[in-house]
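The block underneath contains the structure these notes are about, expressed in structure tokens.
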Amino acid sequence: WSDTGECHEHTGVHRTSGRVYRVHYGDLPNRNKYSDLRRASSKELAALHTHKNEWFVRQARLILTERSNAGDNIGAAREQLIDLIKEGDPEHACRAFLTIHSTGFHGWDFFHLFDFLSHPNEHIRALTVRAMTDAWPLDDIYGPTEHGGKTQIDAGVQVLWNALLQAARSDESSLVRLTLASTIQRLPVNKRAELAKELVKRSEDADDHNLPLLVWYGLIPVAESNPAELAELATACKWPKTQRLIVRRLAEEIDSNIEHVATVLSFVASIDEIAAQKNILRGIEDGLRGWRRAQKPSNWEQVANTINKATTRDAELSKLVQELSVVFGSGRAIDEVRQIVMDENADPNLRRSALETMVETRAAGLKDACMFVLDDSRMNVIAAKGLASFNDPEIGKKLVANYSRFRAPQRPSVISILCSRKAFANDLVSAIEREKISATDLTAFDVRQIRSLGDSELFNRVTKVWGEVRDTPAAKKARIDKLQSQLTPERLAKADKSHGRQLFNKTCSKCHRLYGVGENIGPDLTGANRSNIDYLLHNILDPSAEVSKGFRMSVVETTGGQVFNGLVVTKNNNTVTLQTQTELMTLPVDEIQNTTITTQSPMPDGLLDNLSQEDIDSLFAYLMHHSQVD
């Protein structure tokens, strides 16, 4: 099966071929005795709930529901269904329960349902929770809904509350607990943490695929209404993923949640479980990602000292403490990190980690430290990222002079840095003109990045050494038509697919995956309509023809003079996360001068402009091939 409209192109979609045919050899079996189910009595419809054909069950449910809504008396049928729930086999019991639910509970109230919360069949218990709560409004994308039945919900919660808590506390079925977790988003916000707390204490669900996130989705509004309650829940949580998300949310608003972050930190200092300590500190680190400085919790120094003095030291835990100490402005921690970077005899991995901390927090002494290690191939890329934050023309010259010292897989990151400032880009283009750096090291994305710097003379110089970017509609159409006539099946059959794979890895894999190789920034191409040459040509040569609003490229200018092209992944009151061609970067909001949302796709025009015809043949032969090649 293949969806031919991956990019909203509907040519060839068949709208009249939806028939389903039954092909049978020989005589058909006898027809069912019910030629018209609407003529059957309600008791006969109830009896059909044990039929081996599910179609009859569903039709019986539909007709019984219609009769109930019309005011017909189906009491006898309901009694039959209740007996099935109590005594029937699991499948028949579930069928009967769904029909009772769809016909309405009538004289039943919540107390009649309580018996089914102890039913031996876990599916009936889960359905009972759903029946009790399905009518309550569910959070939408904007959070809890303002609903006319709010008073009714509160009253219903009071009646059910102890039963729901007991089920969360003691039910042995993960299905029932999953149903309870999905119910949290229907509860009044002031009730959510209490039910969630009973669920997150159940350590057996820590690695469940759904439960940790379902509970978290229900708890998100609690972060605003009652962060103290959320902090308390984090200390009781046995699910690492949920705990980390809670702590991250508290840390994201640390200025207003400082005492609640301190509560969680006190818990960290009181336990000996290294895994739990690391999980909570990672949550704080996630929440403060992109921050240069953050308000320090009153008990941070005490917590840091407690961890550092522990008998059992863990390298990753110590690193987290050190990084957070720098963010919290600890002068001693900043000095320690700087000393590690400058110590040539220190462990290389420790030096790299320390330098990354300095770069992320813009620690004092960053420029000198980066210059000191720029000649070290183990740390020079990190140093280059740190130096890029300084608007110093000499840095561009230094990076260009050291370009050959960077390992080949790391050079795209260096090129990206050199394209982020006008002065740096000028030095880069000069080096290409002097053939000190190969023009093939530039990608179409890099050329577009230089174009966004706004210097027409610089851009003209780039096009002379790299090639002209054909980005007018007429030029694109002419290019598509030409390649469509050239890339015949016979020609592609003779192309070098292995070379095409190499070109894909260099040109496309920074954003796309194919056969499990590459990044996930853009769509995975493995299941795309790759056998269609027209589809490939239009999407490669004119990628911005159809771009949904959420995937338009942004141009971000910083107060420090840098310009970045990329896709805004997330943003909040404090930071913006931008996916560029080479990295996922988080920038503080107060360092962003201007953000321009373009109508362009993050995928640039001109990807093929710097390739030979032989290269193009090889690339398309590889893209259109049905399996991976060596």
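Numbering-wise, my numbering puts 784 at position 261 of the sequence shown, and it's gapless, one number per residue.
Positions of the beta carbon are idealized from the N, C-alpha and C atoms, including for glycine.
For THR1119, the enclosing beta strand (DSSP E) starts and ends at 1115-1120.
Secondary structure at GLY919: helix, using DSSP grouped into helix, strand and coil.
With contacts defined as CB atoms closer than 8 Å, VAL1091 and ILE1115 fail to qualify as a contacting pair. With a 10 Å radius around the Cβ and a threshold of 16 neighbouring Cβ atoms, GLN1009 comes out exposed. Apart from the 5 residues on each side of it in sequence, GLU1080 sits with its Cβ closer than 6 Å to the Cβ of VAL1086, GLN1116, ASN1117 in its chain, given in chain order. By the neighbour-count criterion, in which a residue is buried when 16 or more other Cβ atoms sit within 10 angstroms of its Cβ, THR1119 is exposed. Taking C-beta separations shorter than 7 Å and ignoring five residues to either side along the sequence, the partners of ALA729 in its chain run LYS761, TRP762, PRO763, following chain order. By the criterion of at least three beta-carbon pairs nearer than 8 Å, the region 809-817 is in contact with the region 775-793. With fewer than 16 other CB atoms across the displayed protein chains lying within 10 angstroms of its CB, ARG855 is exposed.
Straight-line measurement puts the Cα of ALA1018 at about 24 Å from the Cα of LYS999. With respect to the C-alpha of ASN949, the residue from GLN933, VAL923, PHE968 having the closest C-alpha is VAL923. Uninterrupted alpha helix (DSSP H) stretches at least 4 residues long and entirely within the region 769-826 occur at 777-793, 797-810, given in chain order. Proximity of the region 698-709 to the region 645-654 meets the contact definition, three or more beta-carbon pairs being nearer than 8 Å.
Here TRP739 is buried. Its C-beta has 16 or more other C-beta atoms within 10 Å.
Taking a cut-off of 8 Å for Cβ pairs, the region 1057-1071 and the region 1127-1147 touch, as three or more such pairs fall below it.
Among the bridge pairs identified by DSSP, LEU1090 is matched with GLN1102. Annotated three-state conformation of GLU980 is helix, per DSSP.
Relative to the Cα of GLN1007, the nearest Cα in the group HIS1022, ALA1068, TRP989, ASP1140 belongs to ASP1140.
Taking the CA atoms as reference points, LYS987 sits about 40 Å from ALA886. Between ILE769 and LEU788 the beta-carbon gap is near 14 Å, outside 8 Å, which marks them as no contact. By the 16-neighbour rule on beta-carbons within 10 angstroms, LEU734 is buried. At a Cβ-Cβ threshold of 8 Å, LEU587 and SER565 count as neighbours. Residue state for ASP663 is assigned as strand, using DSSP reduced to three classes. The C-alpha of LEU1048 lies about 7 Å from the C-alpha of HIS1035. Between the region 745-756 and the region 705-720 there are three or more C-beta pairs closer than 8 Å, enough to call the two in contact. Residue state for GLU1080 is assigned as strand, using DSSP reduced to three classes. Judged by beta-carbon spacing, LEU873 lies beyond the 8 Å limit of MET881, meaning their Cβ atoms are not closer than that value. No Cβ-Cβ contact shorter than 8 Å links GLY666 with ILE707.
About 4 Å separates the beta carbons of LYS819 and PHE851, which is inside the 8 Å limit, making them a contact pair. Annotated as proximal: LEU981 and VAL952, with beta-carbon spacing under 8 Å. Rounded to the nearest whole angstrom, the CA to CA distance from VAL896 to SER841 is 23 Å.
Apart from sequence neighbours up to five positions away, the residues of its chain that approach ARG930 with a beta-carbon distance below 7 Å are SER900, ordered along the chain. Sequence-distant partners of CYS942 (beyond 5 residues in either direction) whose C-beta falls short of 6 Å from its own C-beta, in its chain, are ALA948, ASP969, GLN972, ILE973. Nearest C-alpha to MET894 among ALA593, ASN828, LYS920: LYS920.
The C-alpha of LEU560 is placed about 11 Å away from the C-alpha of TRP578. As computed with DSSP, LEU1037 is found in a beta bridge with VAL1040.
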